[in-house]
Amino acid sequence: MKTNAEVVIVGGGIIGCATAYYLAGMGAEVIVLEGSDHIGNGGSSRNGGGVRQSGRDVRELPLVMYGIRNLWPNLSEELEVDCEYHQDGNLRLGKTEKHREILTKLADSARGAGLDVRMIDGDEVRAINPYLSREVICASWCPTDGHANPLTTTLGFYKMARKRGVTFVTGEPVKELRVIRGKIRQVITLHNIYEGENVLVAAGLDSREILTSVGIDIPMTNSLLECLVTEAQPHMFDQMLGTAEADFYGHQTKHGSFVFGGSSGLERYNKDNGTPVTSSKTAPCICRGIIKYFPDLAKVKIVRTWAGWMDASSDGVPALGAVEEIPGLYVACAFNGHGFGIAPAVGEQLAKLILTGRTDVDLSALHYDRYKAKI
Amino acid sequence: MNSVNDRSRDIGPFVPGPDDDMIICRCEEITKGEIRQAVHDGMWTLTEIRRYLRTGMGLCQGQTCGRLVKGIVARELGISPAELEPAASRVPMRPIEMEIFANEAPEEKEVGYYED
Amino acid sequence: MSERIKEHPILGVQEKGRLVRFTYDGKEVEGYEGEPIAAALKAAGVMVHRYTQKEHSPRGIFCAIGRCTDCVMVVDGVPNVRTCITPLAEGMKVCTQYGVSEKPFEEQ
Amino acid sequence: MKRYDLIIVGAGPSGLSAGIEAAKKGLRTVVFDENEKPGGQLFKQIHKFFGSKEHRAKVRGYVIGQQLLEEADRAGVEVVLNATVIGLYQDKEVVVKRGDRIEHYKGNAVIIATGAAENMVTFPGWTLPGVIGAGAAQTMMNLHGVLPGKRVLMLGSGNVGLVVSFQLEQCGCEVVALVDAAPRVGGYGVHAAKVARTGVPFYLSHTIVEAEGTDCVTGVTIAEVDSTFHFIPGTEKHFDVDTICLAVGLSPMSQLLKMAGCRMVDDAKKGGQVPVCDPYGRTSLPGVYVAGDVAGIEEASSAMIEGRMAGIAAAEYLGYIGKDEMESELASLDKALDGLRQGMFAPQNRGKQITETEEGIEVSQNLLLHGYVADDELERYPGVTHKSGVHPVIECTQNIPCNPCQDACKKGCISIGAKITSLPIVVEGSECINCGMCVASCSGQAIFLVDEDCGDGTATVTLPYEFLPLPEVGTKGKGLGRDGKAVCDAEVVSVKSMKAFDKTNLLTIRIPKEYAMKARFFKAV
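Residue numbers (the numbering used here), protein chains in the order written: chain D, 1 to 375; chain E, 376 to 491; chain G, 492 to 599; chain A, 600 to 1124.
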């Protein structure tokens, strides 16, 4: 088994797979180490599939806008898999005046960063999506947002990276990193030692512990998010949806089923039995949330629910880029539950950064060392 | 249970079979050939297969095809089916209407046995 | 085609509920109240419950206990109803399901 | 949140047995079941069960179901039906769908007794309407009173395939063939023999090539397979059928346990994915138990004992009984379970090819290949003896845990002895009074009362008969051999139906005496 490469990536999620894919495309030799038994087993296959710009912090907006302009449109062809990418807009729904305030503020700042997003009233919302209830009085509308299938996209990156010669090893949890002669060098797992000139840590929540071994700390905590999926239904709408209250988000998939996520308010305190498992309180709560917006879906059946750990950072945006104090080390974590839509751009830009030292999009606002105390 | 799995291990080429068009997942209408091809595309666990192809993701949630898919993937990888992980099982065990899932019975005041 | 067992050598004459009318693709059919819709349809000789989304292939009863979900039909306008475990009620509107709709594919 | 001492999921034989045992010990117990009727698969089992008295032998499955329900009721078990358990969450929280709402419950202990699901096999056309599980056939005919089809091909010669084939014939379907890819009949020989003698041909080492039909099944082609399960060209056989029934094994329905985080193992001997557990159903999660098929595929009889064991173990866990009491009760149940797990079909013998009985008698190869004991093989079994006058002929040739026949004969004509799996013998010097109790009591329908020479060139054979219409005295027809083929003319000379026979009618036919040891079934013409 190959244990030596130009780049060793820790984490076989969509970030690791996409970066490996673009690196290999530029001719690099890459090893990807995944701790679990499955590729894309964390947030990559447990998210709601949003490919959005609206609603994001302005610090990560340029990167996601870059991806939507340059990478998403051709991704299915490139990955030889149906990513089910739909660019039919995002409605972020509001039911109260307070919601309107929140949404307007978000829209204003995004517009400032160059995104086409605007506020629309309830009737305009229902002109776009006639199934929404009268309770909806406003929404922010971003026509260039959309959604895709996180499962096929993640595994598509994996499949094509593997085709390009990337070595993937699953069931290989990383225990520590080692700096040799002032540069990152070794990645030590339970069973093996891997060596690379460059090491990218893209292991979600586990990144914190792994980085601890070389004295880097990214302040993250976990939060258990849940999604549910319905039986297939006749086609209703193509937009991605979210709400000001964050009580639910989701879309109708190509398959006809609806994938919805949401929150119960207890996610930060939910416990686990070793794997992320759903709490008995969350799915009913999400259902109640959805029915308020979509009364027509009340009789639609849920066939499956699932949970995933989110890597929440103190300021809600990722830690991304080079760790200059340890040459050769890179991080990409703390995606805060919205790492899917941005992943192709992250992968492509990181590949360029690792191999050329340059990026098309300025990543400095996402620097790993930005976390400061409040006073 | 982790087991180091080098996904570059040679499992031989994909050889088309005469029964590749046989439906295996009845709900999502996934064929044996699609499953076999997915293994050669690198999907080496049942979890990856199901995420990649939607086997067992339909209305019945794999109640019928789970065992069949396991057999096909194991044979393609040249391993025993018992070496493959069990399919994940998730709530709800049967399809349930959103309005019913949403309708949680009010807490009963009496606390079971302890008031008897 | 199929029919009901009038008298069984071990189980004798089985007690059934009230005979009620319902419609199957618009046609009037009779069945016993409370028996599974699928049983009433089977007794009436109906084999095909639905046609699948991708290949438009016919499906009917397979497990008869609510697990396989192959026997689903559109009942009173609701698709994906497991007919093998849904009790028959008077006046039910039972329709063949095409994909997830009661509309034949050429009309979808 | 509403809390019980014990929540049991599944009101089948193991779940109800667990509930009865736990409630008797004082546990506040509830059983949830998604079905409209309790009893699990018991209510589809219309045949008489094997075993000994303590295992409720010779009682029909659905009657055992009724008995369990009555017992559960008397013991104070709350049985909640139409209650679908949608999840087993952390902290032993059970969420149940009831009517138009969901309810949350906590159990101090939880027993999962969700049983098994049918396995399926694929072949071209397997998705056509008319291809059904054997369980579906049972559900339709025995629960809903609807014929599953008119002409049926059965795939699978295990006990399910054999029992369901017989049941199909009982409700008037024609079983055109019983097919199995295995080279030998998988289920009990006596079950096979009662199907074979009605005229169902067995095709071992055969499997389905294709189900034919456009909108539903109209025919099926089978072919012989070689030892590597590949079709042998030129061996194709076609049957016009409207139904293909699949009886190719069961898998434990262990999803709730996996969901709850129990340690699981894939064990082919147990039928698939099962929780790791001790003999009394204790899983890796404290307070979570399993019983019945969900812990490993076996019979309803053993499921009932496993259920009782889990109930007792839960009672001790929750402090309702002491360790000593638990251990003594479990010890006696161990013995009972051990009794059932004996003989050729015991779990430890699965997959083994057995050539001799415990008595050292060669096993009938014809039985394994064609479903019936050949004439020239029969005489070597101890239940087959000859004497003048009416006497029992016991065509029981495999060691299975079953002994009602020896209690049935008040004259002591039949003996099995202390070992429940021993082949029954006809006691020398005993006197048969032609009461017929042995014929009706044999769950395998393997006992016949024969008068080999009535003195007028004829013989009489009394055989068990569970079909409609019941022939009347004087009905003329054919005597069928063990292979179901007509061997001679026959006339019904006596028809006995008694409450003690429990719906097994005794038909006595008069036949030419040279067919006394050949004719074993009657068909009116």
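Even for Gly, the Cβ is constructed at its ideal location relative to N, Cα and C.
Which of helix, strand or coil DSSP assigns to A1099(A)
DSSP places A1099(A) in helix when its eight states are reduced to three.
How would you write the range of the alpha helix (DSSP H) that C287(D) sits in, first residue to last?
282-293
Buried or exposed: F596(G), going by 16 or more other Cβ atoms within 10 Å of its Cβ?
exposed
In three-state terms, what does DSSP make of H389(D)?
In this structure chain D extends from 1 to 375, so residue 389(D) is not present and cannot be described.
Would S378(E) count as contacting chain C if we go by Cβ distances under 9 Å?
Reference to chain C is not applicable here, since the protein chains of this structure are D, E, G and A.
Near-chain A residues of the segment 422-442 of chain E - C-beta to any C-beta below 7 Å
Under the 7 Å Cβ criterion, the segment 422-442 of chain E contributes Q438, T439, R442.
Give every residue of the same chain whose Cβ lies closer than 6 Å to the Cβ of K696(A), excluding the five residues on either side of it in the sequence, and list them in chain order.
T683, I685
Are A148(D) and F335(D) touching if we call contact CB-CB under 9 Å?
no
Taking 9 Å as the CB-CB cut-off, is T834(A) touching chain D?
no
Which residues of chain E have a Cβ atom closer than 7 Å to the Cβ of K696(A), listed in chain order?
Those are I471, I475, listed as they occur along chain E.
Once the 5 residues before and after A531(G) are set aside, which same chain residues still bring their CB inside 8 Å of it?
F513, V520, E521, G522, Y523, L579
Under three-state DSSP, which class holds P527(G)?
strand
Where T577(G) and V565(G) are concerned, what is the direct C-alpha to C-alpha distance, given to the nearest angstrom?
Distance between the alpha carbons of T577(G) and V565(G) is about 12 Å.
Would L510(G) be called buried (16 or more neighbouring beta carbons within 10 Å of its own) or exposed?
exposed
Which word fits H499(G), buried or exposed, when buried means at least 16 other C-beta atoms lie within 10 angstroms of its C-beta?
Taking all protein chains in view, the Cβ of H499(G) is crowded by 16 or more other Cβ atoms within 10 Å, so the residue is classified as buried.
P570(G) and Q588(G): beta carbons closer than 9 Å?
yes
Meets three-Cβ-pair contact criterion under 8 Å: the segment 224-241 of chain D and the segment 253-260 of chain D:
yes
Can you give the Cα-Cα distance for G321(D) and P143(D), rounded to whole angstroms?
29 Å
Per-residue contacts from H743(A) into chain G (C-beta, under 7 Å)
E526, P527, A530
For V992(A), which residues from the same chain have a beta carbon less than 6 Å from its beta carbon, with the 5 sequence-adjacent residues on both sides left out?
V983, F1047, V1049
Beta-ladder partner(s) of E955(A), from DSSP
E961(A)
First and last residue of the beta strand (DSSP E) that includes Y704(A)?
Start and end: 700-711.
Cα-Cα, which of G880(A), Q666(A), V873(A), C861(A) is closest to T275(D)?
C861(A)
For T221(D), count neighbouring C-beta atoms within 10 Å of its own C-beta (all shown protein chains included) and say buried if the count is 16 or more, exposed if not.
exposed
As assigned by DSSP and simplified to three states, the class of A716(A)
strand
Given this structure, state the Cα-to-Cα distance separating A365(D) from R208(D), to the nearest angstrom.
19 Å
Just confirm the distance between the C-beta atoms of C1012(A) and S1029(A), as a whole number of angstroms; I'd bet it's less than 8 Å.
4 Å
Do G891(A) and P612(A) have their beta-carbon atoms positioned less than 9 Å apart in this structure?
yes
Apart from the five residues just before and just after K445(E), which ones in its own chain have a Cβ nearer than 7 Å to its Cβ?
L421, P456, L459
Quick one, are the C-beta atoms of N383(D) and T3(D) less than 9 Å apart?
Residue numbering for chain D in the displayed model covers 1 to 375; residue 383(D) lies beyond these limits and cannot be assessed.
Is the CB-CB distance between V679(A) and L966(A) below 9 Å?
Cβ atoms of V679(A) and L966(A): not closer than 9 Å.
Return the residue from the list I102(D), Q87(D), D88(D) that minimises the CA-CA distance to G94(D).
I102(D)
Once the 5 residues before and after N380(E) are set aside, which same chain residues still bring their CB inside 8 Å of it?
Its chain contains W419 as the residues whose beta carbon lies nearer than 8 Å to that of N380(E), once the 5 sequence neighbours on both sides are disregarded; these appear in chain order.
Could you compute how far the alpha carbon of I821(A) sits from the alpha carbon of L754(A)?
One alpha carbon belongs to I821(A), the other to L754(A), and they sit about 10 Å apart.
How far does the alpha helix (DSSP H) with A912(A) in it reach, from first residue to last?
A912(A): member of the alpha helix (DSSP H) spanning 899-916, first to last residue.
The segment 829-855 of chain A: which residues have C-beta closer than 7 Å to a C-beta of chain E, in chain order?
S850, Q854, L855
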